[in-house]
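Chains as they are written, first to last, in numbering that gives the first Met the number 0: chain Z, 0 to 174; chain A, 0 to 174.
Built from N, CA and C at the ideal position, the CB exists for glycine as well.
2 protein chains.
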Amino acid sequence: MSIDRRSGCPINLSLEVFGDRWSLIILRDMIFGGKRHFRDLLNGSLERIASNILADRLKRLMELGMLTRADDPTHKQKAIYSLTEMAITLVPILAYLGAWGRVWLPVSEELSIRAELLEKGGPPMWEKFMDELRHEHLGTPSDTPPDATVRASLQAGYEAVVARKAPGAGCDPDA
Amino acid sequence: MSIDRRSGCPINLSLEVFGDRWSLIILRDMIFGGKRHFRDLLNGSLERIASNILADRLKRLMELGMLTRADDPTHKQKAIYSLTEMAITLVPILAYLGAWGRVWLPVSEELSIRAELLEKGGPPMWEKFMDELRHEHLGTPSDTPPDATVRASLQAGYEAVVARKAPGAGCDPDA
DNA sequence: ACAACTGATTGCATTTTGCAATCAGTTGCA
DNA sequence: TGCAACTGATTGCAAAATGCAATCAGTTGT
């Protein structure tokens, strides 16, 4: 399951990295959902990835240099997956992809609010988000307080839509 | 082979449109290569798509609203495929994808020069390119002379690299 | 001691993919 | 008229990917 190298075209090579139905979904959940453990990714995504496919893609993304794996000090069997700089720089692509999908595809309102906020925020917001991800996954220093992160503001926007659509119902499957 | 709708997430829905190894390759060849016929797409791409897969993807992209098909007046069996606005607005995504691949993947110099020029040109160049595609595929008016198109300048850049790498050898498989 | 949870792995049926060969109709040329 | 080349596909088939359920060994909390 390694890279084919059908040609040296940048678009082709990019497709060989995440030209499948699951790799970008996993990266999305790590980037926007803050998921870092196998179980979180397995049970957290709306698209219900199978455990063998998740294991395969995590392995593949590590081989490609998009993820790294480390032991979790709180649990001897637990592994923490981290994004590499290579994966973090996908943020603008995900932002554009979300913006495009929001225009042309039958997206649901509550799931597209994040894409809308990210599009409205533009490149400055993407840069801020990438810096937060670098802090979170690569350990680089950051001066953003935990309650003022881009991810928190995206999540707040999501919850506002959910609350408006179902007032009083306190259920949040994505929390 | 229609859309799954695993979830209403914009990124997921986008992946269901071109989360495979061939759909974006076909769109790339139509957008950057100017290919509009089955045979051009079949023989023109470096990645050697099989004819049944090409037929399947063309059909699928039409069902999804990314392409339209029309009869070619010069040949009763010939079909001309056109990009829709939905497909034309992928240009920024392809630009970002090419830029990302150029940084992180083992691209070849002659095939990545187009991505580099497109990245350097930025959003203004993308807009100009999209206008040219609208003129070419949707018949909208345009005042750009045929020799000053974005595609022509990308092609010129490509040929300059090829000429520099193999001076005197007049072969150009992409012409 | 024991149930729940950790990151996986295995087996298996179904689906998708990719390659080679082939198709019928159209065109250009001798 | 005859025939080769070209048009957009389609078919058969082997290989690969997918998705589901069951299972695994080790760890943790009670």
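Looking only at its own chain, which residues have a Cβ that is under 6 Å from the Cβ of residue i, when we skip the five neighbours before and after it?
{"i": "lysine 77(Z)", "result": "Asp71"}
{"i": "histidine 136(Z)", "result": "Ser81 and Leu82"}
{"i": "aspartate 3(Z)", "result": "Glu15"}
{"i": "alanine 69(A)", "result": "Ile79"}
{"i": "isoleucine 112(A)", "result": "Gly156, Tyr157 and Val160"}
{"i": "aspartate 173(Z)", "result": "Summary for aspartate 173(Z): the model assigns pLDDT 41, below 50, so the residue's position carries little reliability; its value from the coordinates is reported in the next sentence. If we look at aspartate 173(Z) and ignore the five residues flanking it on each side, it has no Cβ neighbours."}
Beta-carbon separation of residue i and residue j under 8 Å?
{"i": "isoleucine 24(A)", "j": "leucine 14(Z)", "result": "yes"}
{"i": "tryptophan 99(Z)", "j": "threonine 88(A)", "result": "yes"}
{"i": "leucine 66(Z)", "j": "alanine 49(Z)", "result": "no"}
{"i": "isoleucine 10(Z)", "j": "glycine 97(A)", "result": "yes"}
Measure how close the beta-carbons of residue i and residue j come, nearest whole angstrom, since I'm counting them as under 8 Å.
{"i": "valine 16(A)", "j": "leucine 104(Z)", "result": "7 Å"}
{"i": "leucine 45(A)", "j": "serine 6(Z)", "result": "4 Å"}
Apart from the five residues just before and just after residue i, which ones in its own chain have a Cβ nearer than 7 Å to its Cβ?
{"i": "lysine 127(Z)", "result": "Val149"}
{"i": "lysine 34(A)", "result": "Asp28, Leu40 and Gly43"}
{"i": "aspartate 19(A)", "result": "none"}
{"i": "glycine 32(A)", "result": "Gly43"}
Once the 5 residues before and after residue i are set aside, which same chain residues still bring their CB inside 8 Å of it?
{"i": "aspartate 171(A)", "result": "Reliability fails at aspartate 171(A), whose pLDDT of 44 lies under 50, so the model's placement of it is uncertain and the value that follows must be treated cautiously. Cβ within range, chain order: Glu158 and Val161."}
{"i": "valine 90(A)", "result": "Ile30, Trp125, Phe128, Met129 and Leu132"}
{"i": "leucine 60(A)", "result": "Ser22, Ile25, Leu26, Leu66 and Ala86"}
{"i": "alanine 188(Z)", "result": "Residue coverage of chain Z in this structure runs from 0 to 174, which leaves residue 188(Z) outside it and unanswerable."}
{"i": "proline 164(A)", "result": "For the record, residue 164(A) in the displayed sequence is lysine; it is not proline. For lysine 164(A), where only same-chain residues beyond five positions count, the Cβ hits under 8 Å are Glu108 and Glu109."}
{"i": "isoleucine 52(A)", "result": "Trp21"}
{"i": "proline 122(Z)", "result": "Pro91"}
{"i": "glycine 169(Z)", "result": "Any reading at glycine 169(Z) is ruled out, since the residue's pLDDT is 47, under 50, leaving its predicted position unreliable."}
{"i": "alanine 114(A)", "result": "Ala94, Gly97, Ala98, Gly100, Arg101 and Val106"}
{"i": "histidine 226(Z)", "result": "What the structure shows of chain Z is the stretch from 0 to 174, and residue 226(Z) is not part of that stretch, so it cannot be assessed."}
Where does the unbroken beta strand (DSSP E) through residue i begin, and where does it stop?
{"i": "aspartate 70(A)", "result": "66-70"}
{"i": "serine 81(A)", "result": "78-82"}
Hey, could you find the ends of the alpha helix (DSSP H) residue i is sitting in?
{"i": "isoleucine 10(Z)", "result": "9-17"}
{"i": "leucine 53(Z)", "result": "50-62"}
{"i": "valine 149(A)", "result": "149-164"}
{"i": "arginine 4(A)", "result": "Unbroken run through arginine 4(A): none, as it is neither H nor E."}
{"i": "glycine 33(A)", "result": "Glycine 33(A) -> no alpha helix (DSSP H), and no H or E assigned at all."}
Would you say the beta carbon of residue i comes nearer than 7 Å to a heavy atom of the ligand ZN?
{"i": "alanine 147(Z)", "result": "The model depicted lacks the ligand ZN and carries no ligand whatsoever."}
Return the residues of the region 5-38 of chain Z that lie within a Cβ-Cβ distance of less than 9 Å from chain A, sorted by chain order. Arg5, Ser6, Gly7, Cys8, Pro9, Ile10, Asn11, Leu12, Ser13, Leu14, Glu15, Val16, Phe17, Gly18, Asp19, Arg20, Trp21, Ser22, Leu23, Ile24, Arg27 and Phe31
Selection of the region 84-104 of chain A by Cβ proximity to chain Z, strictly under 8 Å: Met85, Thr88, Leu89, Pro91, Ile92, Leu93, Tyr95, Leu96, Gly97, Ala98, Trp99, Gly100, Arg101, Val102, Trp103 and Leu104
Cβ-based contacts, 7 Å cut-off: residues of the region 109-120 of chain A near chain Z: Leu110, Ser111 and Ala114
Mind checking the region 39-57 of chain A against chain Z and listing, in chain order, the residues whose C-beta falls within less than 7 Å of any C-beta there? Leu45 and Glu46
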